[in-house]
Structures are given as structure tokens and as C-alpha cells.
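Only one structure is covered here, and it is reproduced in the block below.
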Amino acid sequence: MSSDECDYKLDYIMLSSDAIQRRVSELAMEIEREYRGKEIIVTGVLKGAAIFMADLVRRIGPSVDVRMDFIAVSSYGDLSTSSGVVKIVKDMDTYAEDKNILLVEDIMDTGLTLAYLGEIFTARAPKSVRTCVLLEKPDRKKVDTAIDYKGFTIADEFVVGYGLDYAGRWRHLPDIWNVIEKK
Ligand code: 5GP
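Using this note's numbering, the letters of the sequence shown map in sequence onto residues 17 to 199.
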């Protein structure tokens with residue numbers, strides 16, 4: 017798609033790359049303190065969490081035995097309004113039983129996706145399941161899904177960049193932008 021064919025445009029930077037990097041370092045320190053001497057399977061939800069997870073794991077020191085894995089999910093129905101019923105289109109390669117799983121997500125909107133993933137993972141009898149989410153939009157929350165490590169709380173605006181996309185675009189941007197409809 018060329019930029020002329022897109023109905024939306026970048027509006028303003030909501031979170032700068034510097035602010036994101038500082039917060040990611042803090043989250044990594046918290047995770048390191050919590051899991052020192054233990055193994056964790058850091059499991060990113062593709063594709064949105066890929067860039068966040070790549071930065072996060074590189075800031076966790078060698079005192080934690082970090083393993084990386086990924087899952088990919090697709091939401092049923094309209095992509096802009098999560099139904100909460102997600103299909104795992106690529107499962108993790110690791111056998112989750114008796115493992116410490118840290119699920120890494122880009123954004124929690126209604127919370128339905130993460131609630132559903134939490135149920136799926138808990139059924140696999142891991143030692144623990146925790147969640148690390150870069151952005152939370154509390155105004156849109158429909159279920160009370162707990163986030164163990166949260167980057168930022170943001171207003172109910174559609175954002176892109178740092179892994180987040182609109183129709184596949186803008187994931188590569190180092191800052192997080194708000195997008196608006198072209199007039
Ligand atoms: P939930 O089930 O929490 O409503 O949906 C979470 C998913 O919705 C995210 O993983 C993401 O794919 C999508 N999403 C929600 N809000 C935004 C947003 O502001 N920007 C982008 N790019 N995706 C979003």
C-alpha cells in the first residue's frame with residue numbers, strides 16, 4: 017500500500033523513543049529482580065510485541081536464565097473491536113508445563129485477548145504465568161485482567177509504532193504515534 021492509499025496519517029508522537037527505552041529498562045530491572053536464579057520463558061505475542069520484547073530481553077542480565085518463544089494469535093471478527101475469542105495460529109515451541117511463563121504483549125485494550133491467553137496458558141499447568149504489557153488503555157477495559165509489568169497507561173487513542181501497526185504499516189517507527197483519519 018502506498019501512503020496515498022491509506023485513510024489514516026501519523027498525527028503526533030505520544031511516547032518518544034527515549035521515554036520508551038527508559039521505561040523498558042525499568043521493567044527489565046523489575047523482571048530481573050523477580051526471576052534472579054530462575055528460568056523464564058519470555059513469550060511474545062506476534063507481531064506487535066516483537067520489537068518491545070527484543071529490547072526488553074536484552075536488558076535482563078545473565079542472572080536470569082532467559083529463554084525466548086513466540087505465539088501468534090488471530091482475533092475472530094472485526095479487528096478493531098476485539099471479540100476476545102482468539103485462535104492460536106502459531107503456538108509456542110516450548111512445553112509450558114512446570115515453566116515460568118512471561119507473556120509479552122504490545123497493548124491491552126479491552127483485555128479480552130490477554131484474559132483468553134491467560135486461560136489457555138493456565139490450563140497447561142505452568143509453574144507461573146505473568147504478563148508484561150507495554151501499553152494499557154484503561155478506558156476500554158471490559159475484563160479485569162491483571163498486568164504484572166506495565167509500561168505506560170495511555171488514553172483511548174489509536175497508536176502505532178514500536179511494533180504496533182495500522183494495516184501492517186508503521187511497526188518499524190522507534191516512537192509511538194497517535195494516528196488520525198485523513199480529511
Ligand atoms: P484487546 O483484546 O485487549 O481488546 O486487544 C488487544 C489487541 O488489539 C492488541 O494486541 C492490538 O493488536 C489491538 N489494539 C488495540 N488497541 C490498539 C492500538 O491503539 N493500536 C494498535 N496498533 N493496535 C491496537
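Idealized CB from N, CA, C, for every residue including glycine.
Small disclaimer: the values here were computed from a predicted structure and weren't measured.
Whose C-alpha, out of the options, is nearest the C-alpha of residue i?
i	options	result
I36	D181, L150, N194, V102	L150
R156	D172, L130, V61	D172
I47	S144, L31, D27, L118	L118
D107	N194, P154, I87	I87
E135	D109, E21, V101	V101
G60	D122, K103, M30	D122
A70	S91, I56, V40	V40
E55	A66, F68, I76	I76
I192	D27, C22, L31, K103	L31
G179	T169, V80, F68	F68
T138	K115, S79, A44	K115
S91	A66, M45, L72, L133	L133
E50	V89, S144, Y111	S144
Are residue i and residue j close, meaning C-beta to C-beta below 9 Å?
i	j	result
G64	R187	yes
L26	V176	yes
M84	I57	yes
Tell me the DSSP secondary structure of residue i in three-state form.
i	result
S41	helix
S90	strand
Y111	coil
G64	coil
E55	strand
G134	helix
Among the residues of its own chain, which have a CB less than 6 Å from the CB of residue i, if the five just before and after it don't count?
i	result
P190	S33
T161	G127, L130, A131
M204	In the structure displayed, the chain extends from 17 to 199; residue 204 sits before or after that span and is not available.
L43	Y165
F174	V195
Kindly list the residues whose CB is nearer than 7 Å to the CB of residue i, restricted to its own chain and excluding five residues on each side of it in sequence; keep chain order.
i	result
K158	T126, G127, L128
Y24	Y182, V195, I196, E197, K198
E113	R140, A141, P142
S79	E48, R52, G53
V73	V58, V82, M84
A66	G60, G179
Can you say whether residue i is buried or exposed, counting buried as having 16 or more other CB atoms within 10 angstroms of its CB?
i	result
Y28	exposed
Starting from the C-beta of residue i, find all residues in its chain whose C-beta is less than 8 Å away, skip the five residues before and the five after it, and write them out in chain order.
i	result
D109	D85
P154	T169
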